[in-house]
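Each remark here refers to the structure printed beneath this line.
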Amino acid sequence: MGQAEQQQSFQGTFVYERNGSFSTHNIWHRVQDGKVRERLLQQDGSAQEVLRIDGHTQCVSGSLIPGLGNTDGTARALDPQKLKNWYDLAIIGKSRVAGRPAVIVALTPKDQHRYGFELHLDKETGLPLKSLLLNDKGQLLERFQFTRLNTAEPADSDLQASAECKAVVQDAGKAAVAKATWHSDWLPPGFELTNSAVRKDPETNVQVSSLMYDDGLARFSVFLEPLNGANVTDTRTQLGPTAAVSRRLTTPQGEMMVTVVGEIPIGTAERIALSMRSDATAIQ
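Going letter by letter, the sequence shown gives residues 194 to 477 in this note's numbering.
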């Protein structure tokens, strides 16, 4: 299941639904000499295009739809051994998606801090043909579903970005080597820190710390920046599966704004935001 996208070339069309809005996308995905090259092109609305190599975004046109960006450079390989600590995994039936036989796998969370998934995996390749993200009431938050899938290798021309696709400047050089000096006093079980960095916002010259957490399936990010006297209010919003919570935090370094964004329940995001602490004051 986790290896299919790292090993299998394919091309096709999928629909993406969240918060009541649909979009249709073409995808070309080629695995060659251990490298994964992928191009996405939106078919309706404004022309949005993304080209990625090994999970790293090379160029983008238009504004990325939230959830489809996955621009952090880490392809999501699912590890059933790790997931079963936090989710109950069960094969619940068979289905047919995009004219292909599939096996339905349900991932039911063992606590209230993450959402459930229903995956329809292609019988032949293991590729996810359909993925449903469900809340604790079983309501649909997000749908990803192929309407056409061909496992033939895409041609070079299909993987060539158009002139409108603007190169993305890789942050690696600009990101300060310094790791973010923050931690959370409380995290939902199973979530681990996968990345942390400190970057300067080019417009405000303010240092923003970012931390990314992952349980092997769900992800969220935490951003911290000094308020420098700015008058801001606490906010909490939910857009489909994505929660965004901002809270003021009083620290020895002054007032900070902490923002938690991710596909986790809003109450969980709020608790994480209120649990952030500076390492400078951590008791060793």
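We treat Cβ as the ideally placed atom computed from N, Cα and C, and that holds for glycine.
- With a contact defined as Cβ atoms closer than 8 Å, residue 374 and residue 471 qualify at about 6 Å.
- Excluding sequence positions up to five before and after residue 288, its CB lies within less than 7 Å of the CB of 295, 297, 313, all in the same chain and listed in chain order.
- Relative to the Cα of residue 465, the nearest Cα in the group 336, 244, 413 belongs to 413.
- Beta-bridge analysis with DSSP links residue 298 to 284, 312.
- The beta carbon of residue 221 sits closer than 6 Å to the beta carbons of 204, 232, 347, 351, 352 from its chain, once the five residues preceding and following it are set aside; these are given in chain order.
- For residue 427, the closest of 450, 421, 410 by C-alpha to C-alpha distance is 450.
- DSSP, read as helix, strand or coil, puts residue 464 in helix.
- Residue 217 has 208 as its beta-bridge partners, per DSSP.
- By the CB criterion at 8 Å, residue 211 and residue 433 fall inside the cutoff.
- By the CB criterion at 8 Å, residue 410 and residue 276 fall inside the cutoff.
- Between the alpha carbons of residue 285 and residue 325 lies a distance of about 14 Å.
- In this structure, residue 316 keeps its C-beta atom at 8 Å or more from the C-beta atom of residue 280.
- Bounds of the beta strand (DSSP E) holding residue 418 are 412 to 419.
- Per DSSP, the unbroken alpha helix (DSSP H) holding residue 273 starts and ends at 273 to 276.
- Going by DSSP, residue 335 is part of the beta strand (DSSP E) stretching over 333 to 343.
- In this structure, residue 291 places its C-beta atom within 8 Å of the C-beta atom of residue 340.
- Residue 419 has its alpha-carbon roughly 15 Å from the corresponding atom of residue 473.
- Within the segment 419 to 445, the runs of beta strand (DSSP E) at least 3 residues long that lie entirely inside it are, in chain order, 428 to 432, 435 to 444.
- Around the beta carbon of residue 356, fewer than 16 other beta carbons sit within 10 angstroms, so the residue counts as exposed.
- Residue environment: residue 385 is assigned as exposed (fewer than 16 neighbouring CB atoms within 10 Å of its CB, all protein chains considered).
- Taking C-beta separations shorter than 7 Å and ignoring five residues to either side along the sequence, the partners of residue 318 in its chain run 197, 201, 344, following chain order.
- Annotated three-state conformation of residue 350 is helix, per DSSP.
- Assignment of beta-bridge partners to residue 390 by DSSP yields 403.
- Within the model, the alpha-carbon separation for residue 219 versus residue 240 is close to 11 Å.
- Setting aside the 5 residues that flank it on each side, residue 236 is surrounded in the same chain by 217, 218, 219, each with a C-beta closer than 7 Å to its C-beta; the list follows chain order.
- Annotation: the continuous beta strand (DSSP E) that includes residue 448 extends over 447 to 455.
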